[in-house]
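Below is one structure, written out as structure tokens; the observations come after it.
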Amino acid sequence: MGIPVPISYRPPQTQTKGPMKRTLLALACLSAVSLAALAGNEKTKPDNTATNERDRSGETQTSGDQSNSPADLKITQAIRQALMKDSELSTTAKNIKVITANGHVTLRGPVKTAQEKAKIDQLAKSAAGGAHIDDQLDVKGSH
Numbered sequence: 004m005g006i007p008v009p010i011s012y013r014p015p016q017t018q019t020k021g022p023m024k025r026t027l028l029a030l031a032c033l034s035a036v037s038l039a040a041l042a043g044n045e046k047t048k049p050d051n052t053a054t055n056e057r058d059r060s061g062e063t064q065t066s067g068d069q070s071n072s073p074a075d076l077k078i079t080q081a082i083r084q085a086l087m088k089d090s091e092l093s094t095t096a097k098n099i100k101v102i103t104a105n106g107h108v109t110l111r112g113p114v115k116t117a118q119e120k121a122k123i124d125q126l127a128k129s130a131a132g133g134a135h136i137d138d139q140l141d142v143k144g145s146h
């Protein structure tokens, strides 16, 4: 009889080290690219800088001017619902500002075509129940 040789137990190796390293490397690269893109965007001015300065002047209606009276809220809601129901309007047109204060409705924002502008004006007039409509929509055209 010989000398007994101790048998050591080795758990089976898993194959996750390689894929894990690749995943972490890919995430690190994506993070670096995202940060570089964000840093690049900070250098360019948004194209609506003049519009934002105009809105700060207090001479134009903004969403902060919306009245909380039940009658004004009802008018705004009716116009917004009419815009959302119209499947022919673009997403841009559906996202215009609708501001109602003391029964006076202001429509502001970009639309793609003159036809959209006319359609929104018509929808707002029929939904507003006789309220005065101030159409300040800008036709921007499709880009």
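Numbering (my numbering), first residue to last: 4 to 146. All C-beta atoms, glycine included, are put in the ideal place defined by N, C-alpha and C.
message = What does the Cβ neighbour count give for residue 99, buried or exposed, with the cut at 16 atoms within 10 Å?
response = Here residue 99 is taken as the residue at index 96 of the sequence shown, counted from 1. Residue 99 is buried by the Cβ-count criterion.
ask   = If you compare alpha carbons, which of 108, 89, 125 and 87 is closest to residue 69?
value = Stepping through the sequence shown from its first residue, residue 69 is reached at position 66. Relative to the Cα of residue 69, the nearest Cα in the group 108, 89, 125 and 87 belongs to 108.
message = So, with DSSP's three-state summary, where would you put residue 1?
response = Nothing about residue 1 can be reported from this structure: the residues present for the chain run from 4 to 146 only.
query = Using the rule of at least 16 other Cβ atoms within 10 Å of the residue's Cβ for burial, across every protein chain shown, is residue 140 buried or exposed?
reply = Indexing the sequence shown from 1 puts residue 140 at position 137. Classification of residue 140: buried, given that the 10 Å Cβ count is 16 or more.
task = Measuring alpha carbon to alpha carbon, tell me which of 143, 142 and 123 ends up nearest residue 136.
result = By one-based count along the sequence shown, residue 136 stands at place 133. Taking only the C-alpha atoms, the option nearest residue 136 is 123.
ask   = Within 10 angstroms of its Cβ, does residue 79 collect 16 or more other Cβ (buried), or is it exposed?
value = Locating residue 79 in the sequence shown gives position 76, where the first residue counts as 1. Its Cβ being crowded by 16 or more others within 10 Å, residue 79 is buried.
ask   = Can you tell which of 119, 93, 75 and 85 has the C-alpha that lies nearest to the C-alpha of residue 102?
value = What you label residue 102 is simply residue 99 of the sequence shown in a count that begins at 1. It is 75.
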